[in-house]
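S.K.: The structure's right below; bear with me while I get my questions together.
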Amino acid sequence: MVDESGPVMDISDTKEEVPVAMGPNEHEMIELFRRINVSRPIALTLACLAKGREISSQSIEMVSGLRQPEVSVAMRYLRENNWIDIREEKKSKGKGRPVKLYRLTVPMNYIVSKIEEDIVAESTIVLRNIERLKHIA
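Per my numbering, residue 2 is the first one in the sequence shown, and the count goes up by one each step.
Written out as structure tokens, the structure is:
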């Protein structure tokens, strides 16, 4: 099975989840996030969520190569910013904990704009400190 972004890996163990793949756009997104100092786990997790589909943390781990603790750290950041929705679904087979499914609640453009605002604010502070150092030196 192939979509516009490349081959799809069927990694779903939940009945509603759509298979996810990393295509050229997602790889470029990850690279650009990394260039602006977004952490690797957050960059990879955002790329997995970028298509707007609901995805389990296990699927994020398999597609991105992240370990479970790294996905948890990224999800905490996304939750703190109110960028994701979390839904629990009982496993279709056997017992165990319900599967947590994640989905972005805001457009990627909004997330990118918020990251941009944070970077601009940090840069402004750094530039003020540099000017102050020049003044007192």
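Glycine is no exception: its CB is placed at the ideal position from the N, C-alpha and C atoms.
1. Across the region 45–53 and the region 23–37, are there enough close Cβ pairs to call them in contact, namely three or more that are closer than 8 Å?
2. Rounded to whole angstroms, what is the Cα-Cα separation between I116 and I61?
3. For the alpha helix (DSSP H) holding K115, just list the boundary residues, first then last.
4. Thinking I85 and L105 are a contact (beta carbons under 8 Å), I'd like their distance in whole angstroms, please.
5. Alpha carbon to alpha carbon, how far is L102 from K96? Give it in angstroms, no decimals.
6. In angstroms, rounded to a whole number, what distance separates the CA positions of I56 and S114?
7. Tell me which same chain residues have a C-beta within less than 8 Å of the C-beta of E89, skipping the five on either side of it?
8. Evaluate L128 with the Cβ neighbour count: other Cβ atoms within 10 Å of its Cβ, from every protein chain shown; 16 or more gives buried, anything less gives exposed.
9. Out of curiosity, what's the CA-to-CA distance linking I1 and S40?
10. Taking only the alpha-carbon atoms, compute the straight-line gap between M30 and V107 and give it to the nearest angstrom.
M.R.: So, from the listed chains and residues:
1. yes
2. 21 Å
3. M109 to I137
4. 6 Å
5. 17 Å
6. 23 Å
7. P99, V100, K101 and L102
8. exposed
9. Summary: the structure shown does not reach residue 1, with the chain confined to residues 2 through 138, and so no result is reported for it.
10. 17 Å
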